[in-house]
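Just so you know, the sequences run in chain order A and B.
Each number in the working numbering corresponds to the 1-based position in the first sequence with 1298 added.
Each number in the working numbering corresponds to the 1-based position in the second sequence with 1298 added.
By construction, the Cβ of each residue, glycine as well, lies at the ideal position given by its N, Cα and C atoms.
Number of protein chains: 2
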Amino acid sequence: MRYTSAAIEALIDAFAKLPGVGRKTARRLAMHVLQQPRLEAERLASALLDAKDLVVRCSICQNVTDRDADPCRICTGQGRDQSVICVVESPVDVLAFEKTAHYKGLYHVLHGVISPLDGIGPDDINIRELLQRLQPEEGGEVREIVLALNPTVEGETTSLYLSRLIAPLGIMVTKIARGIPVGAELEFIDEATLSRAMEGRTTF
Amino acid sequence: MRYTSAAIEALIDAFAKLPGVGRKTARRLAMHVLQQPRLEAERLASALLDAKDLVVRCSICQNVTDRDADPCRICTGQGRDQSVICVVESPVDVLAFEKTAHYKGLYHVLHGVISPLDGIGPDDINIRELLQRLQPEEGGEVREIVLALNPTVEGETTSLYLSRLIAPLGIMVTKIARGIPVGAELEFIDEATLSRAMEGRTTF
């Protein structure tokens, strides 16, 4: 059974295409929009188009940034350690590290990981741009590359690939520690993580 | 900590204003929009504005309908019993009844219920429009009003108010049955519902 309005149906269909939004949620969102002032709908509509029109990738780190702020605020930031680059898979990972307010180096966003099964090879993600940043003529002051990809098979594969490419350049390659999360109980940690935590033990 | 793009922040803020969408979900939706082709964002943006611009209330039943389909498809539908009007609180309730494909009469959408605590009186919902439909000169063929408001205090109050207004017009006023839902187990039904079910028992 369909709504009595084609415009509402179209809105429900459009909402239902978003990830994690089913028909029922889409219907509730559509009814909410109908009840709100037009200004609210306009705000969301223009934010959608602005995000597509104004957001570009930073020419240095490939993270998302505004068209009029390229290079991005992190790449041009004062007090950033220009000699360390943390390599991540996607922009949300940059946000996660920035929230810690602990890491002070730069980033490089690959926008994906090597995944042969999905047809994604080294040339499909921003590896070339990373190597470009490591060339001596580009300032050449990079001392360390921190690999911070997700602990999946594809992430590990990409880390291995990158380390083999970068090590010959005489730059230190590290990866973030795998171990038990803060606040977790040993009893409920999976075997793989426990093994990694044991392997990676440090002096007290 | 904020994203490196003001446009993305604006989109996250706009998404987060939707009901049931928190910051994390809004962030995921925004990243999804960034990865989709521009056409998808355009489709949602224009659906939002169309819903505000093209959707009006049916001049008869007050349900939502397209500007170019007023009176709505139900009010003008063939094979609809013009002598029964089901009074509901909101457009989603019409949809719920239409999904049953069982009820064949007309509807009247109040767009709210009387709720003195929220400052909503009888004049703030579409009661006047309902009474207008019951006037003899308006065709005057309405035989029965079915009250199908939600079983809340406000819904019951509104039902009582309507029944007192309409009964003097010589029109039958009924309300939908309260009882145990199909498929429920008696053991887990609350006392109020069980009492209503017992009161409303019918011959087998």
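Quick check: residue i and residue j, are their CB atoms within less than 8 Å of each other?
| i | j | result |
| --- | --- | --- |
| A1345 (chain A) | D1348 (chain B) | no |
| V1362 (chain B) | T1302 (chain A) | yes |
| V1390 (chain A) | M1329 (chain B) | yes |
| I1443 (chain B) | I1412 (chain B) | no |
| L1445 (chain A) | I1423 (chain A) | no |
| G1419 (chain A) | K1402 (chain A) | no |
| R1441 (chain B) | I1474 (chain B) | no |
| I1383 (chain A) | R1431 (chain A) | yes |
| A1314 (chain A) | L1342 (chain B) | no |
| L1327 (chain B) | L1316 (chain A) | yes |
In whole angstroms, what is the alpha-carbon distance linking residue i and residue j?
| i | j | result |
| --- | --- | --- |
| E1485 (chain B) | T1472 (chain B) | 29 Å |
| L1460 (chain A) | R1325 (chain A) | 46 Å |
| L1429 (chain A) | E1435 (chain A) | 12 Å |
| R1426 (chain A) | A1339 (chain B) | 30 Å |
| R1321 (chain A) | L1332 (chain B) | 22 Å |
| A1304 (chain A) | L1352 (chain A) | 31 Å |
| H1406 (chain A) | I1306 (chain A) | 42 Å |
| R1371 (chain A) | C1356 (chain A) | 9 Å |
| L1492 (chain A) | P1449 (chain B) | 53 Å |
| V1354 (chain B) | D1368 (chain B) | 8 Å |
| S1457 (chain A) | I1487 (chain A) | 24 Å |
| V1392 (chain A) | V1386 (chain A) | 7 Å |
| L1404 (chain A) | I1358 (chain A) | 10 Å |
| V1480 (chain A) | R1494 (chain A) | 15 Å |
| T1500 (chain B) | P1466 (chain B) | 27 Å |
| L1447 (chain A) | Q1334 (chain A) | 41 Å |
| R1476 (chain B) | E1439 (chain B) | 28 Å |
| Q1360 (chain A) | T1374 (chain A) | 13 Å |
The alpha helix (DSSP H) spanning residue i covers which residue range?
| i | result |
| --- | --- |
| L1393 (chain A) | P1389 to T1398 |
| L1309 (chain A) | A1304 to A1314 |
Would you give the residue range spanned by the beta strand (DSSP E) that residue i belongs to?
| i | result |
| --- | --- |
| Y1405 (chain B) | G1403 to V1407 |
Using the Cβ count rule (16 or more neighbours within 10 Å means buried), how would you classify residue i?
| i | result |
| --- | --- |
| F1502 (chain A) | exposed |
| Q1433 (chain A) | exposed |
| G1318 (chain A) | exposed |
| K1350 (chain A) | buried |
| G1453 (chain B) | buried |
| D1366 (chain A) | exposed |
| A1394 (chain B) | exposed |
| S1388 (chain B) | buried |
| D1364 (chain B) | buried |
| Q1380 (chain A) | exposed |
- Unbroken stretches of the beta strand (DSSP E), 3 residues or longer, contained in the stretch 1410-1498 of chain A: 1442-1445 and 1470-1473
- Query: Taking only runs of the beta strand (DSSP E) that begin and end inside the stretch 1326-1382 of chain A, which ones reach a length of at least 3 residues, in chain order?
  - Reply: Within the stretch 1326-1382 of chain A, the complete beta strand (DSSP E) runs of at least 3 residues fall at 1353-1355 and 1362-1364.
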